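Everything on this sheet refers to the single structure shown next.
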Amino acid sequence: LAVAPITPLLYLKLWVGVAMLLFYWVILKPPATDKALQDTNSFHASRFRVAAIIFSLWLIGVYSAWSHLIDIKVTDNERLTIPDNAYLRGRPLNTDSGLLYVAMLPDGYRVLRGNALFSDAHHEGGAAMDELSFTASSSGEDLWVEVASREGSRLVHFISGAPDPAPCSIGDAEYPMLSVDGSALAFLREDHGRGSLWMVDPRDCAAHGGNLSPMKLTSPSYDVRTVGAGTSDIFLISAVYQNRERIFTVSHGGPPQLLVDDDGAVNSPALSPDGKLLVMSKLVSQRWQLVSRDLSSGEWKQLTHGDCNAYTPSWKDRRTLLYATDCMRGLGLTALASLKIDK
Numbered sequence: 003l004a005v006a007p008i009t010p011l012l013y014l015k016l017w018v019g020v021a022m023l024l025f026y027w028v029i030l031k032p033p034a035t036d037k038a039l040q041d042t043n044s045f046h047a048s049r050f051r052v053a054a055i056i057f058s059l060w061l062i063g064v065y066s067a068w069s070h071l072i073d074i075k076v077t078d079n080e081r082l083t084i085p086d087n088a089y090l091r092g093r094p095l096n097t098d099s100g101l102l103y104v105a106m107l108p109d110g111y112r113v114l115r116g117n118a119l120f121s122d123a124h125h126e127g128g129a130a131m132d133e134l135s136f137t138a139s140s141s142g143e144d145l146w147v148e149v150a151s152r153e154g155s156r157l158v159h160f161i162s163g164a165p166d167p168a169p170c171s172i173g174d175a176e177y178p179m180l181s182v183d184g185s186a187l188a189f190l191r192e193d194h195g196r197g198s199l200w201m202v203d204p205r206d207c208a209a210h211g212g213n214l215s216p217m218k219l220t221s222p223s224y225d226v227r228t229v230g231a232g233t234s235d236i237f238l239i240s241a242v243y244q245n246r247e248r249i250f251t252v253s254h255g256g257p258p259q260l261l262v263d264d265d266g267a268v269n270s271p272a273l274s275p276d277g278k279l280l281v282m283s284k285l286v287s288q289r290w291q292l293v294s295r296d297l298s299s300g301e302w303k304q305l306t307h308g309d310c311n312a313y314t315p316s317w318k319d320r321r322t323l324l325y326a327t328d329c330m331r332g333l334g335l336t337a338l339a340s341l342k343i344d345k
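Quick note: the sequence shown uses our numbering, first residue 3, plus one each step.
Given below as structure tokens:
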């Protein structure tokens with residue numbers, strides 16, 4: 003990305019504003035009684051002020067564009083190039099059978115493996131439904147996908163190679179997450195904009211013919227926003243509690259336990275495979291950045307920088323993170339990137 007002093011000249015919004023100022027100056031200037039006097043006064047007063055305003059706006063535009071564009075670079079070896087013709091990509095997850103992620107395609111949101119649809123079997127009313135989020139087993143063969151329906155989001159169970167979805171589905175559910183050992187499936191439900199965490203044993207699909215009985219794990223005091231996998235059957239959540247978004251651990255049979263409390267909002271927790279490092283998104287200067295916290299020493303480290311955002315981190319291996327970023331793109335139009343971690 004080339005950044006130069008002439009870069010603000012390419013910003014249409016800036017120059018539309020300048021044109022409006024000129025227009026107002028022309029239509030609002032007072033009538034003249036003496037043409038010579040008017041020309042002299044205009045040059046020394048109105049025209050000078052308009053010129054000063056235009057020049058000031060140009061300087062502000064130069065500074066704003068320069069400070070923004072000079073600090074949003076993502077190096078080529080960090081960007082993941084995937085030939086899928088997607089408008090945006092997010093929620094990357096590495097599995098034994100390949101990279102899975104959510105992509106916005108011309109016909110809607112789909113879960114892709116590499117650049118191919120994981121499944122296009124789910125339809126309602128003859129049209130494919132948007133697939134907004136997902137979770138998968140470590141093998142990548144067993145997926146729970148959040149599908150948008152007329153009644154709201156629901157989770158649908160897919161098995162790789164099967165022509166149709168598995169018989170299990172969960173209504174009024176979003177943002178699924180399988181535990182590390184595969185013994186529990188957590189998801190969120192919203193009530194008037196407040197999220198709560200629910201859990202179910204996915205093995206009950208086969209045992210009870212697809213009839214699942216989810217259990218609620220959080221009280222109304224916690225407005226749960228995101229969920230991640232912890233160790234064994236423990237989950238990590240970000241939740242607004244006492245007016246601040248924090249990270250908690252949650253397991254069956256007990257209340258949430260505070261894990262990370264920080265001055266800024268934090269979400270999307272991702273625990274390293276060895277359980278020693280927690281990576282999350284943190285709001286820094288009105289931009290979402292990736293940060294890490296050593297759970298042994300309590301040391302914080304900011305991993306991404308710049309005037310752009312990083313979202314939904316996950317671990318590819320013990321030293322590599324996957325995440326979504328809108329650096330060098332439109333706000334929220336994310337691509338996928340990777341990041342090496344020095345522990």
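The beta carbon of each residue, even a glycine, is placed where N, CA and C say it ideally should be.
No experiment lies behind these values; they were computed from the predicted model shown.
Identify, in the order they occur along the chain, each residue of the same chain with its Cβ nearer than 8 Å to the Cβ of VAL268, setting aside the five sequence neighbours on each side. Setting aside the 5 residues that flank it on each side, VAL268 is surrounded in the same chain by SER240, GLU247, ARG248, ILE249, VAL262, MET282, SER283, LYS284, LEU285 and VAL293, each with a C-beta closer than 8 Å to its C-beta; the list follows chain order.
ASP193 bridges to which residues according to DSSP? ARG196
So for ARG248, helix, strand or coil by DSSP? strand
Between the stretch 140-150 and the stretch 97-109, are three or more C-beta pairs nearer than 8 Å? yes
Which residues does DSSP list as the beta-bridge partners of ALA105? Beta-bridge pairing links ALA105 to ARG91 and ARG112.
Count the other CB atoms within 10 Å of the CB of ALA21; is the residue buried (16 or more) or exposed (fewer)? With fewer than 16 Cβ atoms within 10 Å of its Cβ, ALA21 is classed as exposed.
For VAL338, which of ILE55, GLY19 and VAL104 has the nearest alpha-carbon? With the sequence shown as reference, residue 338 is identified as Leu, and Val is not the correct amino acid for it. Selected option, being the one with the closest Cα: VAL104.
Can you tell me which of ILE62, LEU82 and SER135 puts its alpha carbon nearest to the alpha carbon of MET106? SER135
According to DSSP, simplified to helix, strand and coil, what is LEU305? LEU305 sits in coil when the DSSP states are folded into three classes, being neither helix nor strand.
Would ASN87 be called buried (16 or more neighbouring beta carbons within 10 Å of its own) or exposed? It counts as exposed.
Can you give the Cα-Cα distance for PRO222 and THR228, rounded to whole angstroms? 15 Å
Completely contained beta strand (DSSP E) runs for the stretch 286-341, where each covers 3 or more residues: 289-296, 302-304, 312-319 and 322-327
Should GLY92 be labelled buried (16 or more other beta-carbon atoms within 10 Å of its own) or exposed? buried
Output needed for ASP132: all residues of its chain with C-beta closer than 6 Å, excluding positions within five of it in sequence on either side, in chain order. GLY110, TYR111 and ALA150
Tell whether a beta-carbon distance below 8 Å holds between THR327 and ALA312. yes
Please classify ASN245 as buried or exposed, where buried requires at least 16 other C-beta atoms within 10 Å of its C-beta. exposed
Does ASP78 pass the burial test, meaning 16 or more other C-beta atoms within 10 Å, or should it be called exposed? Summary for ASP78: the model assigns pLDDT 49, below 50, so the residue's position carries little reliability, and this model does not support an answer.
What's the gap between the Cα of SER274 and the Cα of ASP166? Roughly 34 Å between the two C-alpha positions.
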